[in-house]
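Report on one structure; see the data block that follows.
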Amino acid sequence: MLPGPTFSMHVKLMKTIPGNFGGKSSPLYVWDTALTDNITGKIFAGGAGGGRLESSLKDMDKPIRWQFRDLNGDGFIDYRYDKGEVGKPFWWAWVWQPKGKHGRFTFSPKHGGNR
Numbered sequence: 001m002l003p004g005p006t007f008s009m010h011v012k013l014m015k016t017i018p019g020n021f022g023g024k025s026s027p028l029y030v031w032d033t034a035l036t037d038n039i040t041g042k043i044f045a046g047g048a049g050g051g052r053l054e055s056s057l058k059d060m061d062k063p064i065r066w067q068f069r070d071l072n073g074d075g076f077i078d079y080r081y082d083k084g085e086v087g088k089p090f091w092w093a094w095v096w097q098p099k100g101k102h103g104r105f106t107f108s109p110k111h112g113g114n115r
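If you want it as structure tokens, here you go:
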């Protein structure tokens with residue numbers, strides 16, 4: 001579990017898919033993810049890609065691969081993760097969109113980008 005200030009991210013390796021990029025071995029790691037609200041315990045399994053995350057990094061369960069902070073200046077904590085593409089490392093970002101009683105995280109390319 002990766003604790004954030006208002007929610008925690010649960011990350012578990014599901015499978016490894018062999019691959020090749022530019023003549024180098026570069027496996028794809030497929031992770032299962034879920035967000036948990038630290039106060040209510042409510043689980044948001046639709047976080048990063050609907051609960052599925054793909055990365056060329058084998059250590060996505062480490063805190064260094066994640067950032068939990070307000071990325072868009074709206075006062076809500078958002079998150080981004082290190083996508084780890086071979087040859088072009090960059091972040092994928094998800095921002096909180098409050099909607100009535102129920103909010104959700106949505107993908108935000110604007111708040112991702114190169115590391």
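Numbering (this note's numbering), first residue to last: 1 to 115. Ideal placement from N, C-alpha and C gives every residue a C-beta, glycine not left out.
| task | Report the three-state DSSP secondary structure of I43 (helix, strand or coil). | result | strand
| task | Answer with yes or no whether the minimum CB distance from L53 to chain C is below 8 angstroms. | result | Absence of chain C from the displayed structure is noted, only one protein chain being present.
| field | For P18, three-class secondary structure by DSSP | value | coil
| Tell me, which residues are paired with H10 by DSSP? | A34
| field | Simplified DSSP assignment, three categories, for R115 | value | coil
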